[in-house]
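Residue numbers for the sequence shown follow this note's numbering, so the first one is 1 and each next one is one higher.
No residue lacks a Cβ here, since even glycine has one placed at the ideal position from N, Cα and C.
Down below is the structure, laid out as structure tokens.
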Amino acid sequence: MKIASEGIFGYTQAGEPVERFALEGDGLRMAVLTYGGVIQSLWVPGRDGQMVDVALGCDTLDAYERQDKFLGALIGRYANRIGLGRFTLNSTPYVLCCNDGRNHLHGGKRGFDKRVWSPEIQADGLHLRLTSPDGEEGYPGTLKVEVVYALEHRALRIDYRATSDKDTPCNLTNHTYFNLAGHDSGTVCAQQIRLFADRFTPADAESIPHGAYQDVAGTPMDLREWTDIGAHIDDPFDQLQFAGGYDHNWVVRGAPGILRPAAAARCPQTGIQMQVDTTQPGLQFYAGNSLDGTCQGKGGATYPRRSGFCLETQAFPNSVNCPAYPQAVLHAGENYRQVTVYRFES
């Protein structure tokens, strides 16, 4: 694996310098920004040997700062939603920034996706670090986070690590939008998805789960076999109607903490297939329902609705308010460790 700095990519509106890094290994190439830990591009060989950039992204830092779709970014302190932006931990109530209507989404108004991370090249990958101070966005504890990007064995591996000096919710993920036909190729509805999950966590009209589980059998949420993304996405099923399509948390089979298959996707056009393995208990499959062509994408691409999909490995949304769900509390002095691997073949 080769990793090199490509220098300053730009300066934030606050004047912070943002660096871009190039990673190359085992037939894959990617570019990573220190702004939000963004995966700007990810080049994968198709069946004809031609390289395909499968990650939606922007050409300028200004475009990243203006878009609100979390393109390619690292997400924290708590990925996904917390209902009403409130939770109680150790008998103490906490109030978070509500940046998604009445609810807290992806770490708040200035989550980790909008922070500039500190980079370091090491033999095992590109290490990105940041410190989230006690009280930031309403969360308790000073959280120190380290994320490692590596290309190995025809895969992108992401290691998430964190420590805190107080008990705090911690749920880290990456929000890359994939299009296996190429970032600028239009809708992903003809691409196929498979989820290694027999249940999902049903949500209300504000996309907040409340502790329930539901079997996928007999519903459009049954994606256990290869299914075109667009085949049932607009079915008259309440969960799909609430979210405008797929944007839900599935319960990954197997024991959390063990690296195991969570999802797979493939593109008939390019022959590219991707498998996602994770140690996390859940997976958010989001089919880009809110993409609307307003992002200033790479090479003039506009990214219309459903032109990319996300496979966000995670703790369950709103788990801090749902005792029936696996809890995502990092206790003071303990080590947070999660791994997600995106494997490619063609």
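Exposed or buried, what is Gly125 when buried is set at 16 or more other beta-carbons lying within 10 Å of its beta-carbon?
For the purposes of this step, residue 125 is taken as the residue at position 125 of the sequence shown. The residue in question, Gly125, is buried, as its Cβ has 16 or more Cβ neighbours within 10 Å.
My assumption, with CB atoms under 8 Å, is that Gly83 sits in contact with Asn249. Please give the rounded CB distance.
Position 83 of the sequence shown, counted from the first residue, corresponds to residue 83. Position 249 of the sequence shown, counted from the first residue, corresponds to residue 249. Beta-carbon to beta-carbon, Gly83 and Asn249 are separated by about 13 Å, too far to satisfy the 8 Å threshold.
How should Pro122 be labelled, buried or exposed, when 16 other C-beta atoms within 10 angstroms of its C-beta is the threshold for buried?
The residue given as residue 122 occupies position 122 in the sequence shown. Rather than Pro, the amino acid found at residue 122 in this sequence is Gln. Exposed.
If you follow the beta strand (DSSP E) that Phe21 is in, where does it begin and where does it stop?
Within the sequence shown, the letter at position 21 stands for residue 21. In the DSSP assignment, Phe21 falls within the unbroken beta strand (DSSP E) covering Pro17 to Gly25.
Backbone secondary structure at Ser319 - three-state DSSP
To locate residue 319, count along the sequence shown from 1; it is residue 319. Under the three-state reduction of DSSP, Ser319 is assigned to helix.
Going by C-alpha to C-alpha distance, which of Phe237, Pro326, Asn174 and Thr279 sits closest to Phe309?
The residue given as residue 309 occupies position 309 in the sequence shown. Ranking Phe237, Pro326, Asn174 and Thr279 by Cα distance to Phe309 puts Asn174 first.
Between Leu311 and Leu151, how many whole angstroms is the CB-CB distance? I'm expecting something under 8 Å.
To locate residue 311, count along the sequence shown from 1; it is residue 311. To locate residue 151, count along the sequence shown from 1; it is residue 151. At roughly 18 Å, the Cβ-Cβ gap does not stay under 8 Å, so Leu311 and Leu151 are not in contact.
Look up Gln359 in the DSSP assignment and say whether it is helix, strand or coil.
Outside the shown range of the chain (1 to 346) lies residue 359, about which nothing can therefore be said.
On the three-pair Cβ rule with 8 Å, is the region 281-300 touching the region 141-157?
no
Run of the beta strand (DSSP E) containing Asp53, from where it starts to where it stops:
As a position in the sequence shown, residue 53 is number 53, starting the count at 1. Start and end: Met51 to Asp53.
Tell me which same chain residues have a C-beta within less than 7 Å of the C-beta of His232, skipping the five on either side of it?
For this step, residue 232 is matched to residue 232 along the sequence shown. Hits under 7 Å: Pro220.
Cα-Cα, which of Cys295, Asn318, Ile193 and Ala324 is closest to Ala264?
Numbered from its first residue, the sequence shown carries residue 264 at position 264. The residue with the shortest Cα to Cα distance from Ala264 is Ile193.
So, with DSSP's three-state summary, where would you put Gly186?
Here residue 186 corresponds to residue number 186 of the sequence shown, with the count starting at 1. In the structure shown, Gly186 adopts coil according to DSSP, grouped into three states.
Just list the alpha helix (DSSP H) runs in the region 95-172, keeping only unbroken ones of 4 residues or longer that don't cross its boundaries, in chain order.
Whole alpha helix (DSSP H) segments, 4+ residues: zero.
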